[in-house]
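As given, the protein sequences belong to chains L and S, one line each in that order.
Under the working numbering, the residue at position 113 of the first sequence is numbered 1425, and the numbers go up by one with no gaps.
Under the working numbering, the residue at position 143 of the second sequence is numbered 133, and the numbers go up by one with no gaps.
Only one structure is covered here, and it is reproduced in the block below.
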Amino acid sequence: MSMTSNVVKVGIADLKITRAPEILRTSGLGSCVGVVVFDHSQRIAGMSHVMLPDSHLSKRDDLNEMKYADTAIDLLIDSLLHDGARAYALKAKIAGGAQMFSFSTSNDLLRVGHRNIEAVKQRLSHHRIPIIAEDVGGNSGRTIEFFPDTGILKVRTVNMGEKEI
Amino acid sequence: MSFLENLSSYQLDILKEIGNIGSGNAATALSKLLQRKVDMTTPSVKVVSFDEVMDLVGGPDKLIVSVFLRIQGEAPGSMFFVLAPDEAEQFVRQVTGLKKFSFEEYPIDELGLSALHEVGNILSGSYLSALSDFTKINMQPSVPSLNMDMAGAILSEGLMELSVESDYAIIIDTTISEDGEKSSVNGHFFLLPDPESFRKIFKALGVED
């Protein structure tokens, strides 16, 4: 295997599926949540960069399904199954959902990190997909990388370095 | 996207002027504070995807120091004053006279952080009050929040309101730079009005279509 794996970048409110040796990366997660769902033995994984908890928040008809926890996770699972993952083998790892600013405010959108985490967990549980590792909450931004061949999720923060979950 | 697509060039010019007035005022305040000449570029108004917002400061992974506040009142929105960490350090040293202020030495000097917070407060306050006077729209700043972290994590917070309605942001971006021989500081002012605020601003200035 080559030392320099190809990195598939996942943007904001974006979603990508890939297989080893490619790796998935999303950068600068704040209150957003990075959701990885994967079938380890098939070496296939999908990553979603969820921005908001609930598609019912949308004020539009043509909503971006990759933006909301409920619709993005449905889409993530559908795409994985379509590409050969097996439903019973799917597992998840999640990271993000920080509270970046400490405003004391009535504005719900500024506490969106916590609500994103809850919404992601609820939707994964709805699909009976176990979350086997998580690094959520706090008040730091995160950059995450997932390696489909090992199932390792690397989480990097500015102040606390890098860890593997 | 429909609203953004329909902005006329006249309306875009108005938004540029908004940026001009606000950041001009802030640059004057900054120049008094530093007792040096501060230059600013002509503001640019960009319609960009959320990913492109991060690219304006060098990508979502880039470490930035930012003062963020919510604009409250009739035309709500978000405002950022963004500096690179080394520039923010320089900035603090100049304002406070602290010679060794650094974000890498823990614990970070409280006085330095407080000064930075206050500078952010003054700059964003002067930006907003000029805007409020010009448009006759009532706008008040929330208490600003100072943060050093990845650009993506910080800036996406200012996109939350917009994201409910759109996948694009209209960002009014002004770069300020200090004109000095030894050292110069470059910063960005980002003004991100909430979707409904554009209509109010245009209405207040009599440029409804």
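The beta carbon of each residue, even a glycine, is placed where N, CA and C say it ideally should be.
Three-state secondary structure (DSSP) of residue i
i, result
"Arg1355/L", "coil"
"Leu1327/L", "strand"
"Asn1451/L", "coil"
"Ser1437/L", "helix"
"Phe188/S", "helix"
"Tyr96/S", "coil"
"Ala1332/L", "coil"
"Thr1338/L", "strand"
"Met1472/L", "coil"
"Glu1457/L", "strand"
"Val82/S", "helix"
"Asn176/S", "strand"
"Leu181/S", "strand"
"Leu88/S", "coil"
"Pro131/S", "strand"
"Glu1446/L", "strand"
"Gly142/S", "helix"
"Asn1428/L", "helix"
"Ser1367/L", "helix"
"Met1313/L", "Only weak support is given to the placement of Met1313/L: the predicted model assigns it a pLDDT of 43, under 50, and the value that follows is read from those uncertain coordinates. Of the three classes helix, strand and coil, the one that applies to Met1313/L here is coil, per DSSP."
"Gly1408/L", "strand"
"Gly148/S", "helix"
"Ser1391/L", "helix"
"Ile1477/L", "coil"
"Leu1465/L", "strand"
Start-to-end residues for the beta strand (DSSP E) that takes in residue i
i, result
"Thr165/S", "Tyr158 to Glu168"
"Val197/S", "Neither: Val197/S is in no beta strand (DSSP E) and is coded neither H nor E."
"Ser(-1)/S", "Counting along the chain, Ser(-1)/S falls outside any beta strand (DSSP E), though it belongs to the alpha helix (DSSP H) covering Ser(-1) to Leu24."
"Asp29/S", "Val28 to Met30"
"Ile54/S", "Leu53 to Gly63"
"Glu68/S", "What sits at residue 68/S in the sequence shown is Ser, not Glu. Note, Ser68/S: beta strand (DSSP E), Gly67 to Leu73."
"Val1322/L", "That residue, Val1322/L, is in no beta strand (DSSP E); it is neither H nor E in DSSP."
Selected residue, minimal CA-CA separation from residue i, among the options
i, options, result
"His107/S", "Val85/S, Ser122/S, Lys90/S and Tyr96/S", "Val85/S"
"Val133/S", "Asp29/S, Met69/S and Glu64/S", "Met69/S"
"Gly1346/L", "Ser1391/L, Lys1321/L and Ile1406/L", "Ile1406/L"
"Ile98/S", "Asp1382/L, Ile1356/L and Asn1471/L", "Asn1471/L"
"Glu1457/L", "Val1467/L, Leu1375/L, Leu1364/L and His1438/L", "Val1467/L"
"Pro183/S", "Glu100/S, Gln62/S and Ser(-1)/S", "Gln62/S"
"Met153/S", "Thr1330/L, Ile1329/L, Lys1433/L and Cys1344/L", "The sequence as given places Ser at residue 153/S; Met does not occur at that position. Among Thr1330/L, Ile1329/L, Lys1433/L and Cys1344/L, the Cα nearest to that of Ser153/S is on Cys1344/L."
"Val43/S", "Lys22/S, Val72/S and Asp29/S", "Val72/S"
"His178/S", "Ile54/S, Asp157/S and Gln1/S", "Ile54/S"
"Gly102/S", "Ile11/S, Leu88/S, Ser(-2)/S and Asp41/S", "Leu88/S"
"Asn1428/L", "Pro1365/L, Ala1325/L, Asp1326/L and Lys1328/L", "Pro1365/L"
"Leu1465/L", "Gly1453/L, Asp1447/L and Leu1436/L", "Asp1447/L"
"Ser56/S", "Arg26/S, Ser114/S and Glu100/S", "Ser114/S"
"Ala1445/L", "Gly1409/L, Ala1404/L, Gly1473/L and Lys1433/L", "Ala1404/L"
"Thr1469/L", "Asp1461/L, Gly1463/L, Gly1449/L and Thr1462/L", "Gly1449/L"
"Leu23/S", "Arg83/S, Asp157/S and Lys52/S", "Arg83/S"
"Val28/S", "Asn176/S, Arg60/S and Val197/S", "Asn176/S"
"Ser136/S", "Ser1391/L, Asp1461/L and Phe1413/L", "This sequence places Leu at residue 136/S; Ser is not what is there. The residue with the shortest Cα to Cα distance from Leu136/S is Phe1413/L."
"Ser187/S", "Arg60/S, Lys52/S, Gln25/S and Ile166/S", "Arg60/S"
"Phe180/S", "Tyr0/S, Leu46/S and Asn(-4)/S", "Leu46/S"
"Arg189/S", "Met150/S, Ile11/S and Ala65/S", "Ala65/S"
Residue i, enclosing alpha helix (DSSP H) - first and last residue
i, result
"Asp123/S", "Glu100 to Thr125"
"Ala1401/L", "Careful: Ala1401/L lies outside any alpha helix (DSSP H) and carries neither H nor E."
"Met44/S", "Phe40 to Asp45"
"Met1378/L", "Note, Met1378/L: premise wrong, no alpha helix (DSSP H); not H, not E."
"Glu155/S", "Neither: Glu155/S is in no alpha helix (DSSP H) and is coded neither H nor E."
Contact set between residue i and chain A, taken where Cβ atoms lie within less than 7 Å
i, result
"Pro50/S", "Of the protein chains in this structure, namely L and S, none is chain A."
Heavy atom of the ligand MG within 7 Å of residue i beta-carbon
i, result
"Ile1324/L", "As presented, the structure is devoid of all ligands, the ligand MG included, so that no description of it is given."
Q.
By the 8 Å beta-carbon criterion, what residues does the stretch 54 to 75 of chain S contribute toward chain L?
A. Answer set for the stretch 54 to 75 of chain S: Phe58 and Arg60.
Q | Near-chain S residues of the stretch 1362 to 1393 of chain L (beta-carbon distance less than 8 Å), N- to C-terminal order | A | Look at the stretch 1362 to 1393 of chain L: the residues with a C-beta under 8 Å from a C-beta of chain S are Met1363, Leu1364, Leu1369, Ser1370, Lys1371, Arg1372, Asn1376 and Lys1379.
Q.
Would the stretch 68 to 78 of chain S count as touching the stretch 26 to 34 of chain S if we require 3 or more Cβ pairs under 8 Å?
A. No, because fewer than three Cβ pairs between the stretch 68 to 78 of chain S and the stretch 26 to 34 of chain S fall closer than 8 Å, the two stretches do not touch.
Q) Below 8 Å, can you find three or more Cβ-Cβ pairs linking the stretch 128 to 144 of chain S to the stretch 1335 to 1347 of chain L? A) They touch, by the three-pair rule.
Q. Using 8 Å as the Cβ pair cut-off and three pairs as the minimum, do the stretch 0 to 19 of chain S and the stretch 1370 to 1383 of chain L touch?
A. No: the two stretches stay apart, fewer than three of their Cβ pairs being nearer than 8 Å.
(Q) Check whether the stretch 36 to 45 of chain S and the stretch 154 to 169 of chain S are in contact - that is, three or more C-beta pairs closer than 8 Å. (A) In this structure the stretch 36 to 45 of chain S lies against the stretch 154 to 169 of chain S, because at least three pairs of beta carbons, one per stretch, are closer than 8 Å.
Q | Contact list for the stretch 1426 to 1458 of chain L against chain S, Cβ threshold 8 Å | A | Result list: Ser1452, Gly1453, Arg1454 and Thr1455.
Q: Specify whether the stretch 1446 to 1466 of chain L and the stretch 1319 to 1332 of chain L touch according to this definition: at least 3 beta carbon pairs, one from each stretch, less than 8 Å apart.
A: The stretch 1446 to 1466 of chain L, when compared against the stretch 1319 to 1332 of chain L, does touch it at the 8 Å Cβ threshold.
Q. Does the stretch 1392 to 1403 of chain L come within contact of the stretch 1350 to 1368 of chain L, defined as at least 3 CB pairs closer than 8 Å?
A. The stretch 1392 to 1403 of chain L is in contact with the stretch 1350 to 1368 of chain L.
Q. Looking at chain L, which residues of the stretch 22 to 42 of chain S have a Cβ within less than 7 Å of any of its Cβ atoms?
A. Legend: CB atoms of the stretch 22 to 42 of chain S lying less than 7 Å from CB atoms of chain L belong to residues Phe40 and Asp41.
Q) Is the stretch 10 to 24 of chain S touching the stretch 106 to 124 of chain S, taking contact as three or more C-beta pairs under 8 Å? A) In this structure the stretch 10 to 24 of chain S lies against the stretch 106 to 124 of chain S, because at least three pairs of beta carbons, one per stretch, are closer than 8 Å.
Q) On the three-pair Cβ rule with 8 Å, is the stretch 1439 to 1453 of chain L touching the stretch 1365 to 1379 of chain L? A) By the C-beta criterion, the stretch 1439 to 1453 of chain L is judged not to be in contact with the stretch 1365 to 1379 of chain L, since fewer than 3 inter-stretch pairs fall below 8 Å.
Q | Members of the stretch 140 to 156 of chain S that neighbour chain L once the beta carbon cut-off is set at 7 Å | A | Correct list: Met140, Ala141, Gly142, Ala143, Ile144, Ser146, Glu147, Met150, Glu151, Ser153, Val154 and Glu155.
Q) Which residues, taken in chain order from the stretch 1394 to 1414 of chain L, show a beta carbon closer than 8 Å to some beta carbon of chain S? A) Of all residues in the stretch 1394 to 1414 of chain L, the ones placed with a Cβ closer than 8 Å to any Cβ belonging to chain S are Ala1410, Met1412, Phe1413 and Ser1414, in chain order.
Q: Select from the stretch 97 to 120 of chain S all residues with a C-beta closer than 7 Å to any C-beta belonging to chain L, and list them in chain order.
A: Along the stretch 97 to 120 of chain S, none of the residues has a CB nearer than 7 Å to a CB of chain L.
Q. Going along the chain, which residues of the stretch 1333 to 1356 of chain L sit with their C-beta nearer than 9 Å to a C-beta in chain S?
A. Answer set for the stretch 1333 to 1356 of chain L: Thr1338, Ser1339, Gly1340, Leu1341, Gly1342, Ser1343 and Cys1344.
(Q) To be precise: take each residue of the stretch 1317 to 1328 of chain L, compare its Cβ to all Cβ atoms of chain S, and keep it if any distance is under 7 Å. Which residues remain? (A) Of all residues in the stretch 1317 to 1328 of chain L, Gly1323, Ile1324 and Ala1325 have a Cβ within less than 7 Å of some Cβ in chain S.
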